[in-house]
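What follows is a short report on a single structure.
Residue numbers (the numbering used here): -13 to 629.
The structure is reproduced here in structure tokens:
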């Protein structure tokens, strides 16, 4: 079996967790706890093994052969064929999809294993793992799809699974509402994705990724429309402003769900879509600028909101919104490798931070308010140590993974002359270091503010082992793409180079320039850490009073409510939009639409009643009518002949 044969078996990767989901949905209760969890975890582990085999097979091919769409597509079938539209259900393995499958299955396996301990005793234990497996399978279909339609199938699959998992504890109204909110908000973005596909098929005649090479041949307005509509879909899935409102509430689901959504699935889909469809963005004169500035604004916007949040998971949720903004900033300026690099290492440290937060919540018997914590490092040493590694990684401290990835994003903005974007990203990095340091100090250091009846304890090994693995990845994960091109240490850049062929990737003009930019980024990160330490090193003397909130005054309330964007949208929907909907349902639908239809029906009924009177059932009447008709025809013929 050669490398191509192995790539043609790529369908096995999503099939494994999908099979696990089917088994657990059918006989999960009989399998029971913890075997249902181990089955789901095993299927994810096997999917990771299959992804690694596919990676090795792809790596054995020369560079150009790795992006040969026709040769690297797996066996499949034609799903539908209507007119000129042929939709094939097949999977494509190239460096981009291979990278995605590796971290989705790898991080996903660790999250599955962690969930065995976290969900212990839950009444719907097996169903949870069925949904978790289905979530992973949908994401794998999304990234492996050989065309937009297959990707969209996975896209909708993760949307469904996010609803099922965010609202998994539906007995809580907040969880049920959060699930519906995520589902509805994502449907808004999906409209953009669908319209983009309509335009792609209309202009290229195909929805397969092989047609992307013809994107540059399209008119400027058309390619810009396609790119921006695809970005609308990405904004919904990856929670960018203004469709970010669902992600902070998504933490209402069990913590493993939060980790899977924020790190390895769902929110990375939007960044992947932009990277996959990059020929449209490269061919457009303006789409990339829109993407970059939406990302930069979202990164700063979410970072400022996070500095005053008190829920341990909500801080991390806003952090995800912000970090995704950096990825779109990079993608918008054409630094696609930097975006993917940050996506991968973000999966490491964000999964670590969410699972660490879950360990804290588990150890404090469901307490999530950081104002009611403090000095947990002695009681939960493993959780504290691993969480601190995640903090240093996301804050951008050298040599942790986050430093290399975020530094690459900022450096690429500088190299391309986008100095304003670089400055916005730098300010966002300052806030990131501040709010993450605040979280670490309030949870693990400072004074003890716990309820006397809450006795903290460390989590079981099944939850700590994944934390250790993710901590290791957060520490050394940056090694996959170190900025030392002459030494050949930028492995990820070389790996993805065939995918983004033709996209310029500038580098530092000298070692001094690169070193100076890295020093500035590191200084900003350390500055944010020191500011937080100066404020929170002793904890909170009064849990009800936060020094930063007091100094910000009325602005603190604005930040706590995320600039009232969510509330404003809710008021808009329940006010003018609801009134407009009632107008459409009332006068327009009832009086105009229904009135027109009813009038046609009533007119037809009256006409039928009148015509029915001609049907007397008497033969002499019918004979008279025939004679009368014949006379009329004869008169018509005579008149035509005369004149």
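Where a beta carbon is used, it is the ideal one built from N, C-alpha and C, also for glycine.
For residue i and residue j, I'd like the C-alpha separation in whole angstroms.
i           : j           : result
residue 325 : residue 241 : 26 angstroms
residue 96  : residue 531 : 37 angstroms
residue 592 : residue 586 : 10 angstroms
residue 159 : residue 235 : 12 angstroms
residue 91  : residue 118 : 12 angstroms
residue 168 : residue 183 : 23 angstroms
residue 143 : residue 30  : 17 angstroms
residue 262 : residue 48  : 20 angstroms
residue 423 : residue 71  : 53 angstroms
residue 489 : residue 273 : 15 angstroms
residue 13  : residue 516 : 54 angstroms
residue 514 : residue 378 : 12 angstroms
residue 2   : residue 35  : 11 angstroms
residue 479 : residue 465 : 12 angstroms
residue 476 : residue 467 : 4 angstroms
residue 562 : residue 523 : 47 angstroms
Where does residue i sit, in a helix, a strand or coil, going by DSSP?
i           : result
residue 156 : coil
residue 78  : strand
residue 30  : helix
residue 239 : coil
residue 112 : helix
residue 297 : strand
residue 369 : helix
residue 103 : helix
residue -3  : coil
residue 613 : helix
residue 137 : helix
residue 194 : strand
residue 131 : strand
residue 252 : coil
residue 66  : strand
residue 434 : coil
Buried or exposed for residue i, going by 16 or more other Cβ atoms inside 10 Å?
i           : result
residue 312 : buried
residue 269 : buried
residue 65  : exposed
residue 216 : buried
residue 265 : buried
residue 584 : exposed
residue 391 : buried
residue 319 : buried
residue 474 : exposed
residue 481 : buried
residue 250 : buried
residue 82  : buried
residue 619 : exposed
residue 259 : buried
residue -7  : buried
residue 595 : exposed
residue 398 : buried
residue 601 : exposed
residue 0   : buried
residue 352 : exposed
residue 254 : buried
residue 447 : exposed
residue 195 : buried
Relative to the alpha-carbon of residue i, which residue among the options has its alpha-carbon at the smallest distance?
i           : options            : result
residue 494 : 508, 469, 511      : 469
residue 179 : 82, 123, 214       : 214
residue 109 : 22, 608, 428, 84   : 22
residue 452 : 619, 369, 41, 519  : 369
residue 458 : 386, 428, 415, 434 : 386
residue 454 : 100, 483, 365, 435 : 100
residue 512 : 574, 573, 384      : 384
residue 6   : 80, 123, 401       : 123
residue 295 : 564, 544, 554      : 544
residue 52  : -11, 63, 364       : -11
residue 408 : 278, 498, 224, 380 : 278
residue 267 : 291, 293, 208      : 208
For residue i versus residue j, is the C-beta spacing smaller than 8 angstroms?
i           : j           : result
residue 226 : residue 145 : no
residue 306 : residue 396 : no
residue 285 : residue 376 : no
residue 86  : residue 129 : yes
residue 525 : residue 442 : no
residue 636 : residue 321 : Missing from the structure shown is residue 636; the chain here goes from -13 to 629 and no further.
residue 463 : residue 361 : no
residue 161 : residue 50  : no
With respect to 7 angstroms, is the separation between the Cβ of residue i and the closest non-hydrogen atom of the ligand GTP below this value?
i           : result
residue 399 : In the structure shown, the ligand GTP is absent, as is every other ligand, since no ligand is present at all.
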